[in-house]
């Protein structure tokens, strides 16, 4: 197609390294098929030197987790003046911090769940919030460290305060929203379709539900009323724009329709580096909207820029 040289950044050193490698290799294979010259970069601490030596026309950011989606690699790419995909430094940092992202979303009228941010050691033996609630790291992805506390649980989850915990000392405690897991991709300034995620053999959309084949079913389009469908698209685009995202993002929602069709719709977070694995949501949602995987990735590469 273009012969443009694209460095696909993958791997890295966060707990999401395996997911990133899967995303990066899938993207690399497809970009090569549609005509790009691709260099696969397994990101290490020397990534600035490696990229300076490569001098690619663009960087496709397939990293996940801290360093890859929190504004750090974006800052390096800005310094090197290498155009890159997805969101820029500020939007990446804000979206990665669940507390800050929720503050911005709430300020523009997007419904969010009641929550508080605590040091994990401060939770102790007393519930920090009336159950049911969710405890999650404030700056992690892929559902790492997410713990759901049920209504009948007599004490907070012990693992959060233990030495086994590997997800940082700051956690968010958030009111648990019953109901359905819905997500909506945004591509540029267009909200694509809404997908319902139905975990198979899992209590919620955890790591295995996301990345193990058969771990979840994806209903695209989601079987919800047209007004809720449109509302989710509107809120996803609103969050994307309020936080300053660019390129492709994906917003996650919970929808409790147990008692009425209108129910309660709550925005959870925006993902500025959504997965690009064979089981990932954004490629499926884009496919339903008429963009095959090659077209989606080509659009992202051509959309790459600095000062995002």
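Residue numbers (my numbering): 107 to 414. C-beta: ideal position from N, C-alpha, C; glycine also.
Taking 8 Å as the cut-off, the beta carbon of residue 250 is found closer than this to the beta carbon of residue 121. When Cβ pairs closer than 8 Å are counted between the two stretches, the region 250 to 267 is seen not to touch the region 286 to 305, the count staying below three. Counting along the chain, the unbroken beta strand (DSSP E) around residue 113 starts and ends at 111 to 116. Fewer than three Cβ pairs drawn from the region 270 to 283 and the region 330 to 341 lie within less than 8 Å of each other, which leaves the two stretches out of contact. According to the DSSP assignment, residue 344 belongs to the alpha helix (DSSP H) that extends over 332 to 349. Spatial neighbours of residue 383 in its own chain (CB-CB distance under 8 Å, excluding positions within 5 residues in sequence) are listed in chain order as 125, 128, 129, 132, 317. DSSP, reduced to helix, strand and coil, places residue 219 outside both helices and strands of the structure shown, so it counts as coil. Three or more Cβ pairs closer than 8 Å define a contact, and the region 145 to 161 falls short of that threshold against the region 195 to 207. Boundaries of the beta strand (DSSP E) around residue 377: 370 to 377. As DSSP reads the structure, residue 359 sits in a beta bridge with 288, 373.
Nearest in C-alpha terms to residue 232, of all of 255, 217, 211, is 255. Assignment of residue 404 by DSSP, reduced to helix, strand and coil, places it in the helix class. For residue 146, the enclosing beta strand (DSSP E) covers residues 143 to 148. Going by DSSP, residue 204 is part of the alpha helix (DSSP H) stretching over 204 to 213. In the three-state DSSP reduction, residue 163 falls in the coil class, being neither helix nor strand. Short of 7 Å from the beta carbon of residue 353, and not among the five residues preceding or following it, lie these beta carbons of its own chain, in chain order: 191, 192, 193, 406, 409.
When the beta-carbon positions are compared, residue 374 and residue 358 come within less than 8 Å of each other.
By the Cβ-count criterion, residue 243 is buried, with 16 or more other Cβ atoms from all chains shown falling within 10 Å of its own Cβ. In the DSSP annotation of this structure, residue 179 is not part of any beta strand (DSSP E); the continuous alpha helix (DSSP H) holding it starts and ends at 178 to 186. Less than 8 Å divides the Cβ of residue 266 from the Cβ of residue 241. In the DSSP assignment, residue 262 is bridged to no other residue.
Nearest Cα to residue 134 within the set 111, 302, 295, 294: 111. Its chain contains 202, 203 as the residues whose beta carbon lies nearer than 6 Å to that of residue 245, once the 5 sequence neighbours on both sides are disregarded; these appear in chain order.
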